[in-house]
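Numbering (the UniProt record's numbering) for the sequence shown: 1 to 224.
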Amino acid sequence: MKILFIILLTTMIFPFNLFSQKKCSEEIQIAINNGDLELVKKMIKNGENIDCIGEWKQTLLMKAIQAGKENIALYLINKNADITKVDEDNSSAFFKTSFYGLTNIAKILLDKGVDINQKGYREMTTLMMASSRNQLDLVKFLIKKGAKINVQCNSGYTALTYASNPEIFSFLLKNNANVNLRNFEGLNTIEQFKASHEEAKGFENQELIDNYEKIISILENEKH
1 MKILFIILLT TMIFPFNLFS QKKCSEEIQI AINNGDLELV KKMIKNGENI DCIGEWKQTL
61 LMKAIQAGKE NIALYLINKN ADITKVDEDN SSAFFKTSFY GLTNIAKILL DKGVDINQKG
121 YREMTTLMMA SSRNQLDLVK FLIKKGAKIN VQCNSGYTAL TYASNPEIFS FLLKNNANVN
181 LRNFEGLNTI EQFKASHEEA KGFENQELID NYEKIISILE NEKH
């Protein structure tokens, strides 16, 4: 079950509810997705509301970050776009920096007072999502800035158990990640990864199989 969720997180770019009221113009949303900063600037100058709400209740800033358009996100932040709003998945602009590992944007938002441990989609923290999406640099930055490692989402997973990258897993482990916390199925860390390893075999995903084997080996060596 966990592996299905990890695959979803790894590929998740856009939320799935398509029925929100659109308030931003379609043109500016397309401009953001295309990375057209000059058109975005022109439209804002000509009266487009910088904090308008588009599909899935996302702001322009959320869309820029979620699309990985760092230059547009920087422009919107510098124009005082609202950084506190959340979309239909309860995800903020800060949370969305984890999708593409936009560490510079995350730093700017933290400097503006964003809560590093705020929760978004499925009660996940930005650290959890960064871990699940293999964003090592962002994971390191968030830990350095004091992100809580052992927070659990609504399924009982932590940043450690969301990791499928052995390097991220080892880094979190060295920073006092708790291997004894249990998920909603009552499984501790090694039990979760053994179950995920079996699921990866079923999907014939060799990269995940190899990564889970490395992580299980790390955990078993920790016992000795």
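Even for Gly, the Cβ is constructed at its ideal location relative to N, Cα and C.
Distance, residue j Cα to residue i Cα
i: residue 209; j: residue 190; result: 14 Å
i: residue 70; j: residue 28; result: 16 Å
i: residue 221; j: residue 112; result: 41 Å
i: residue 26; j: residue 205; result: 38 Å
i: residue 223; j: residue 179; result: 11 Å
i: residue 77; j: residue 56; result: 20 Å
i: residue 37; j: residue 144; result: 32 Å
i: residue 42; j: residue 116; result: 33 Å
i: residue 105; j: residue 186; result: 36 Å
i: residue 101; j: residue 88; result: 21 Å
i: residue 58; j: residue 132; result: 22 Å
i: residue 54; j: residue 46; result: 18 Å
Which listed residue (the options) has its alpha carbon closest to that of residue i
i: residue 99; options: 134, 80, 85 and 219; result: 134
i: residue 118; options: 137, 102 and 146; result: 146
i: residue 142; options: 169, 112 and 130; result: 130
i: residue 23; options: 40, 31 and 48; result: 48
i: residue 168; options: 67, 50, 27 and 149; result: 149
i: residue 229; options: 175, 73, 166 and 122; result: The structure shown does not extend to residue 229, since the chain spans only 1 to 224, so no value can be given for it.
i: residue 218; options: 198, 196 and 173; result: 173
i: residue 75; options: 203, 35 and 132; result: 35
Neighbourhood of residue i by C-beta, 8 Å cutoff - its chain only, sequence neighbours within 5 removed
i: residue 182; result: 156 and 188
i: residue 92; result: 62, 83, 84, 85, 86, 114, 118 and 120
i: residue 175; result: 143 and 149
Supposed close pair residue i, residue j - CB separation, criterion 8 Å
i: residue 81; j: residue 60; result: 7 Å
i: residue 137; j: residue 103; result: 5 Å
i: residue 126; j: residue 94; result: 6 Å
CB contact flag (residue i, residue j, <7 Å)
i: residue 107; j: residue 65; result: no
i: residue 33; j: residue 67; result: yes
i: residue 164; j: residue 90; result: no
i: residue 166; j: residue 201; result: no
i: residue 128; j: residue 159; result: yes
Proximal residues to residue i (C-beta, below 7 Å), its chain only, five neighbours per side dropped
i: residue 140; result: 171
i: residue 79; result: 44 and 50
i: residue 194; result: 216
Residue i CB to nearest heavy atom of the ligand HEM below 6 Å
i: residue 82; result: No copy of the ligand HEM occurs in the structure displayed, which carries no ligand at all.
Proximal residues to residue i (C-beta, below 6 Å), its chain only, five neighbours per side dropped
i: residue 52; result: 23 and 24
i: residue 197; result: 212
i: residue 31; result: 39 and 40
i: residue 154; result: 122 and 123
Short CB-CB distance (under 7 Å) between residue i and chain D
i: residue 102; result: Among the chains in the structure shown there is no chain D, since it carries only a single protein chain.
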